[in-house]
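A.B. asks: Before I ask anything, let me first share the structure, which is written out below as structure tokens.
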Amino acid sequence: MSATTTASRRSPAPRPKAPTGRRGNRDKPQKWGSPVTYFIALLFVGVCVAPVLYIVLGGFRTNSQITTEPAALPHPWVVGNYTGILKSSVFWGEFANSLIVALTSTVGIVALGLMVSFVIARYDFRLKGAMYSLFAAGLMFPMVIAITPLYLVIKDLGLVDNLLGVIIPQIAFGLPTTVIILVPFLRAIPNEIEEAAAIDGMSRLGFFFRMVVPLSLPGVVTVGILGFVGSWNNYLLPLYVLNSQANYTLPLGVQVFSSQYSTDTAKVLAFTSLAMLPALVFFSVFEKRIVGGLTGAVKG
Amino acid sequence: MRLEIAVLSAPAVITFLAFVIFPVALAAYYGFYQWKGYGEPTDWVGLNNYELILTDSAFHDVLWHNGLILVLSLVIQGPLAIVLALLLNQKIRGRSAIRVLIFVPYIISEVIVGTGWSLMLQSDGAVNDLLHRIGLGSLEADWIADPDLAVWTLMAIITWKYIGFAVILMLAGLQSIPDEIFEAAQIDGASYWQIQRRITLPLLGPTIRIWAFLSIIGSLQLFDLVYIIWGQYVSGTAGTSTMAIYMLAQGRNAGNYGYGSAVAVVMFVISLIVALIYQRFVLRRDLRGAVTEGAV
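Protein chains in written order, with our numbering: chain L, 1 to 300; chain G, 1 to 296.
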């Protein structure tokens with residue numbers, strides 16, 4: 001820290017070419033910062049990543065390796081745990097369930113959310129404010145609080161142990177965030193574009209599909225990612241709704257697998273790594289959007 | 001035009017009312033009954049469920065745990081996240097890679113985080129082994145079951161899981177502050193710490209307050225991590241059980257849906273009170289734009 005302090009103090013000094021300045025030398029982007037900064041940053045990254053690496057690497061070890069030396073690298077590396085799980089129909093069944101649930105929930109959240117946000121953002125009617133407040137208030141109703149009666153509603157609809165019993169509530173609970181993020185986006189589309197479209201003979205609905213949907217794509221992607229990751233990681237709702245292993249999603253699968261094979265730690269670690277892989281891949285592909293979307297959400 | 005409004009908004013409004021608002025309203029209704037979840041509730045018990053909840057020492061325990069987790073989350077994660085964000089906001093190499101990597105724990109599901117950590121924290125697990133190897137064998141402990149330690153173990157895991165999110169939020173907040181302000185302050189001769197204290201922190205205020213709000217709501221609803229690592233029974237003795245776990249254990253798992261619903265209502269009222277107080281006294285400035293503008 002002290003290094004940074006000195007650096008910043010020096011920077012406004014009237015020495016334009018001074019090599020010690022940090023902020024002053026914007027035109028040299030390839031500059032290295034202070035070693036203390038790097039040390040703390042690396043330490044932080046290490047703490048964040050090490051446990052994840054432990055899970056992944058543990059899957060490459062045998063149980064006896066893990067028992068004798070819990071904190072060590074694989075020696076020798078074994079792939080049997082991973083190949084065993086990749087060949088098991090249980091894993092792929094749960095993977096498929098997670099994927100179906102996540103994709104349909106995401107499509108539902110985006111479609112319903114976009115339509116209602118469009119109405120709130122660009123139509124004038126009496127209940128508009130009430131509608132927005134309704135969804136905004138939804139942020140106060142997290143799934144944990146509603147879960148007991150929600151389960152009863154799902155039961156009355158005959159959707160227990162049915163993937164739809166997870167999908168539909170996930171869409172409903174995803175709507176508040178979606179509306180909050182999308183309404184400002186849609187409101188920002190200039191009226192001139194809408195007027196021009198109307199003069200060219202486009203109906204309001206035509207405007208929606210041909211102009212609004214493409215123009216709000218960044219917001220839609222953000223909302224879609226939040227919905228997908230939220231669904232992929234959801235545990236509470238599947239725990240209540242799904243009873244038979246054939247319908248389990250991966251989070252339930254991980255939990256059941258780890259209690260079934262509680263003595264086979266290596267296998268549990270391999271199963272766990274494979275279960276988190278899709279979310280990590282999805283995240284690394286859309287990383288900029290996720291981080292950017294959060295920025296927007298906070299500012300909004 | 002009315003038709004368009006109806007067609008476009010009906011699916012979302014109906015889904016939302018049916019699966020979010022209606023269940024919450026149902027909870028309030030079922031909470032007045034002693035009811036096993038079959039047929040219509042008939043056994044009206046008035047406020048009996050609420051009386052039982054509020055006098056149950058097990059509920060006092062979980063309420064205390066939630067409160068402790070709430071305060072500790074704010075006190076530990078807040079300053080840590082601000083310091084780390086200030087550090088990472090400098091122009092250093094690999095900044096975007098760092099931002100991705102610190103976000104990884106947040107992206108992984110609670111179930112996986114819980115499964116992984118509970119394996120590592122076993123008394124013969126990796127954490128104790130690592131301590132032993134680096135010569136800190138005296139620190140080895142039963143991280144999960146020891147009631148003196150368990151809540152701190154939980155706080156460590158929560159911090160690990162959510163600090164990346166906090167840092168990313170703070171970084172986003174920092175980046176929305178125009179550089180000119182810092183440059184002006186520097187020209188006026190302000191030191192690094194003066195700049196952080198007098199300029200950065202106040203301007204980061206809205207971000208910090210929104211983060212704290214999210215953290216508070218999250219703490220009150222904590223479920224997955226505790227349930228996966230400690231389970232319904234151990235969490236009670238280890239001192240990490242939360243209101244949501246109490247609700248599952250006393251409600252669905254015990255077959256008392258009326259009681260479980262009443263617990264949900266109590267949780268909701270507590271969250272609502274906390275949120276309203278927070279919005280009224282802390283967030284008022286920040287939300288003035290968002291809410292009133294949106295409602296117009």
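Here a beta-carbon is modelled for each residue, glycine too, at the ideal position from N, C-alpha and C.
This one's a predicted model, so the numbers in the text were calculated from it and none came from an experiment.
What are the residues of the segment 242-264 of chain L that lie near chain A, defined by any Cβ-Cβ distance shorter than 7 Å?
C.D. replies: In the structure shown, chain A does not exist; the protein chains are L and G.
A.B. asks: Once you ignore the five residues that flank G:I229 on each side, which residues in its own chain have a CB closer than 7 Å to its CB?
C.D. replies: Counting only residues of its own chain and dropping the five nearest sequence neighbours on each side, G:I229 has a CB closer than 7 Å to the CB of G114, W117, S118 and I144.
A.B. asks: So who's on the other strand from G:W44, going by DSSP bridges?
C.D. replies: G:W44 is bridged to G:Y33.
A.B. asks: Counting only runs that start and end within the segment 1-30 of chain G, where is the alpha helix (DSSP H) found for 4 or more residues in a row?
C.D. replies: 2-16 and 22-30
A.B. asks: Please classify L:H75: is it buried, with 16 or more other beta-carbons within 10 angstroms of its beta-carbon, or exposed?
C.D. replies: Exposed, because fewer than 16 other Cβ atoms sit within 10 Å of the Cβ of L:H75.
A.B. asks: Along chain G, in chain order, which residues have C-beta atoms closer than 8 Å to that of L:L280?
C.D. replies: Correct list: V104, I107 and I108.
A.B. asks: L:E69: which of L:T265, L:K288 and L:F282 sits nearest, CA to CA?
C.D. replies: Out of L:T265, L:K288 and L:F282, L:T265 has the C-alpha closest to the C-alpha of L:E69.
A.B. asks: Return the CA-CA distance between G:F182 and G:N253, expressed in angstroms with no decimal places.
C.D. replies: 57 Å
A.B. asks: Straight-line CA distance for G:D142 to G:N128?
C.D. replies: 9 Å
A.B. asks: At which residues does the alpha helix (DSSP H) containing L:A130 begin and terminate?
C.D. replies: K128 to G138
A.B. asks: Hey, how far is the Cα of G:V274 from the Cα of L:L73?
C.D. replies: 46 Å
A.B. asks: Which bits of chain G does L:G113 rub up against, with CB to CB less than 8 Å?
C.D. replies: A12
A.B. asks: Are the beta-carbon atoms of G:V62 and G:I187 separated by less than 8 Å?
C.D. replies: no
A.B. asks: Would you please verify whether the beta carbon of L:A188 is less than 8 Å from any beta carbon of chain G?
C.D. replies: no
A.B. asks: Got a sec? Which residues, its chain only, sit under 6 Å from G:N66 by beta carbon, not counting five neighbours each side?
C.D. replies: L220, T242 and M243
A.B. asks: Can you tell me the Cβ-Cβ gap for L:I181 and L:G219, rounded? I've got them flagged as a contact below 8 Å.
C.D. replies: 6 Å
A.B. asks: Does chain L have any CB closer than 8 Å to the CB of G:W44?
C.D. replies: no
A.B. asks: To be precise: take each residue of the segment 213-237 of chain L, compare its Cβ to all Cβ atoms of chain G, and keep it if any distance is under 9 Å. Which residues remain?
C.D. replies: V229, W232, N233, N234, Y235 and L236
A.B. asks: List, in order along the chain, the chain L residues whose C-beta lies closer than 8 Å to that of G:T200?
C.D. replies: Those within 8 Å of G:T200 in chain L number zero; the least Cβ separation is about 12 Å.
A.B. asks: At 7 Å on the CB atoms, spell out the chain L contacts of G:I5, in chain order.
C.D. replies: V119, Y123 and F125
A.B. asks: For L:G108, which residues from the same chain have a beta carbon less than 6 Å from its beta carbon, with the 5 sequence-adjacent residues on both sides left out?
C.D. replies: Shown here for L:G108: same chain residues with a beta carbon closer than 6 Å to its own, the five before and five after excluded, namely I171 in chain order.
A.B. asks: Count the other CB atoms within 10 Å of the CB of L:N243; is the residue buried (16 or more) or exposed (fewer)?
C.D. replies: exposed
A.B. asks: Anything in chain G within Cβ reach of L:R204, meaning under 8 Å, just list it in chain order.
C.D. replies: Simply M1 and E4.
A.B. asks: I'd like the list of long-range same chain contacts for G:I5, defined as Cβ closer than 6 Å, with 5 residues on each side in sequence excluded.
C.D. replies: Excluding sequence neighbours, G:I5 sits near nothing in its chain.
A.B. asks: Mind listing the chain L neighbours of G:M247? Cutoff is C-beta to C-beta under 9 Å, in chain order.
C.D. replies: Residues of chain L whose Cβ lies closer than 9 Å to the Cβ of G:M247 are, in chain order, V144, I145, I147 and T148.
A.B. asks: Identify each residue in the segment 43-54 of chain L for which the Cβ-Cβ distance to at least one residue of chain G is less than 8 Å, and report them in chain order.
C.D. replies: F44, V45, V47, C48, V49, P51, V52 and Y54
A.B. asks: From the beta carbon of L:V101, is the nearest beta carbon of chain G less than 8 Å away?
C.D. replies: Taking Cβ atoms only, chain G never reaches closer than 8 Å to L:V101, which makes this a no.
A.B. asks: Classify G:M1 as buried or exposed, calling it buried when 16 or more other Cβ atoms lie within 10 Å of its own Cβ.
C.D. replies: exposed
A.B. asks: With a threshold of 8 Å, are at least 3 pairs of Cβ atoms found where one atom belongs to the segment 29-43 of chain G and the other to the segment 255-269 of chain G?
C.D. replies: In the pairwise beta carbon analysis, the segment 29-43 of chain G is classified as touching the segment 255-269 of chain G: at least three pairs are separated by under 8 Å.
A.B. asks: Should the segment 232-249 of chain L be called in touch with the segment 138-150 of chain L, which here means at least 3 C-beta pairs below 8 Å?
C.D. replies: Output reads yes: the segment 138-150 of chain L touches the segment 232-249 of chain L.
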